[in-house]
Each structure stands twice: as C-alpha cells, then as structure tokens.
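What follows is a single structure, written as structure tokens, with notes after it.
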Amino acid sequence: MRALRVGRYASGMFSGRLPTFGLLMPLLLSLNACAGPPLSEVRGEVIGWTYGAGAAEFLSDDLKTLSTTTLDKVGRFNLKLPDAATLQPYLEDSLVPDLPAGCTSTVKAEPSGAKFYSQGDITAYPSQATQKTALTLVSEDRAGSEPLKIVKRLYMYATQDVRVSGDLTCPVNGQKASANYSLDLKAGWNRVASNQTVYSSGASQTNILIVGSDGFEHWMVAP
Numbered sequence: 041m042r043a044l045r046v047g048r049y050a051s052g053m054f055s056g057r058l059p060t061f062g063l064l065m066p067l068l069l070s071l072n073a074c075a076g077p078p079l080s081e082v083r084g085e086v087i088g089w090t091y092g093a094g095a096a097e098f099l100s101d102d103l104k105t106l107s108t109t110t111l112d113k114v115g116r117f118n119l120k121l122p123d124a125a126t127l128q129p130y131l132e133d134s135l136v137p138d139l140p141a142g143c144t145s146t147v148k149a150e151p152s153g154a155k156f157y158s159q160g161d162i163t164a165y166p167s168q169a170t171q172k173t174a175l176t177l178v179s180e181d182r183a184g185s186e187p188l189k190i191v192k193r194l195y196m197y198a199t200q201d202v203r204v205s206g207d208l209t210c211p212v213n214g215q216k217a218s219a220n221y222s223l224d225l226k227a228g229w230n231r232v233a234s235n236q237t238v239y240s241s242g243a244s245q246t247n248i249l250i251v252g253s254d255g256f257e258h259w260m261v262a263p
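See below:
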C-alpha cells in the first residue's frame, strides 16, 4: 500500500500551498549556501513532535526513497542528503522546466550545462501508526497574518558551480507573485533561505538569501 502523504499537499510551503508559492517553488530551490565544508546531511529536531520514534526519509517526486534514517521519540534526526549517483536519474536540465501559462521569466544559468535537483521537505513515518502513515516535515517559521511572513530552509543540488540570475513573475487570481535572484550555486548541495511575504489578496514577494549553517532548525509537521 502506498503511504498516505499527510500534510504534503496541505502546506503553504509545498504542494497544495498558498497558490503564489507553488508557482515560484522551482526557482526558490535554485539557490546556494555560503562557502564552507560540503553540505552532506540535515540535522534537526521537530518542534512539538508527539508521534514517538520512527523513520525519516527524503523522497523523490515519484515517492522513491533517496535517503533514510531513524527518528527518535522526541523527533530528532540526522538525515544524509542523497549522493550524486542516487540523484542522477532525477537531475533536471533547467531550473524552471514547466512554468504555468502567463508567467514571465528572465532566469538563466551561466555557464550552461549544469543539472539540478531540489529537496524541500522530509517524510516522517511514526512507528506507532496503525499503517504506514506519512507526515511531511518542513523547515519553516510563520509570523503575522496580513501580510503573512514565511521563512524557509530548502536544499538545492547542482552538478557544477553555476550563477543563477533573473526575475520571475506569475499571475495568481489576478494578483502578482514575484521573485528576484542573483545567486551562486556551488557544485553539490547548497542550503537556501527563502523569505516570503504573502498578502491576503494572493500577491506575494519572495526574497532569496544564501546561507550557511546558521542554526535555523525550525522543523515542524506541515500544517
């Protein structure tokens, strides 16, 4: 039986989210962390975790396990990021392969030839569940209501050093969702910070920051 993906399509951060962010996700993941030791794992503790021990995984879009680890009873985990060989079948030639109709983009990657993979959430399987129920974990912090401020941590893999620059704008129910970038991806995994402002009208503006290991560990079960 396929695992139930509870929360994956109910978060403002990922699928089924605030409609604005869904249009911008391919680019929000296309960013770089600061220079430093190669990024190879994600450590964290899920805030308010009450589901007991279990497992945590990175899953591909087609629900294949890319990496797995244990999750202790208070929600702590240490999950390795997938290696190059594991990612090879999932690499994309473009950061924005399938933009919705009406979007405009000047985003480009230089030099050409880089391939990419994005990873934003973690799937958790509590061992106490009566079936293999999956909970989606996201690294984010929310504040306010009008506007809503959302701070996120995401991960992006690139096959080579590459500069990504340009603008993306998409219409959302008559409003505008926009993002602007000027970033440098390093070969391998990169840590990304996304600061998004979302208005009740549906309009949004996203600012992308390149970050290192800054101690942001706000992992939570997706709302």
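Numbers 41 to 263, taken from this note's numbering, label the letters of the sequence shown in order.
Virtual Cβ for every residue (Gly too), placed ideally from N, Cα, C.
Note that this is a predicted model, so its numbers are computed, not measured.
Excluding sequence positions up to five away, which residues of its chain have a Cβ less than 6 Å from the Cβ of Asp112? Ala93
Count the other CB atoms within 10 Å of the CB of Ile87; is the residue buried (16 or more) or exposed (fewer)? exposed
Let me know the secondary structure DSSP gives Leu127 once reduced to three states. helix
How long is the line joining the alpha carbons of Val147 and Pro263, rounded to whole angstroms? 31 Å
So, helix, strand or coil for Val202, using DSSP? strand
What residue range is occupied by the uninterrupted beta strand (DSSP E) comprising Pro166? Ile162 to Pro166
Contact set for Leu106: own chain, Cβ-Cβ below 7 Å, skip 5 residues either direction: Phe98, Leu99, Ser100, Pro122 and Thr126
Ala224: first and last residue of the uninterrupted beta strand (DSSP E) it sits in: The sequence shown places Asp at residue 224, rather than the Ala named in the question. Gln215 to Leu225 is the extent of the beta strand (DSSP E) around Asp224.
Reference Gln200, options Ala217, Pro211 and Pro151, closest by Cα: Pro151
Buried/exposed call for Asn213, threshold 16 Cβ in 10 Å: exposed
Who are the near neighbours of Glu81 in its chain, counting only those whose CB is closer than 8 Å to its CB and skipping five residues on each side? Asn118, Leu119, Lys120 and Leu121
Which residue wins for smallest C-alpha separation from Gly142, given the options Ile162, Pro187, Trp89 and Thr209? Thr209
Per-residue burial, Tyr239 [other beta carbons within 10 Å of its own, 16 or more giving buried]: exposed
If you compare alpha carbons, which of Leu131, Lys192, Arg116 and Ala154 is closest to Lys226? Ala154
Give the single residue among Pro166, Asn230, Gln236 and Arg116 whose Cα lies nearest to the Cα of Gly184. Gln236
Indicate the three-state DSSP secondary structure (helix, strand or coil) for Leu249 in the structure shown. strand
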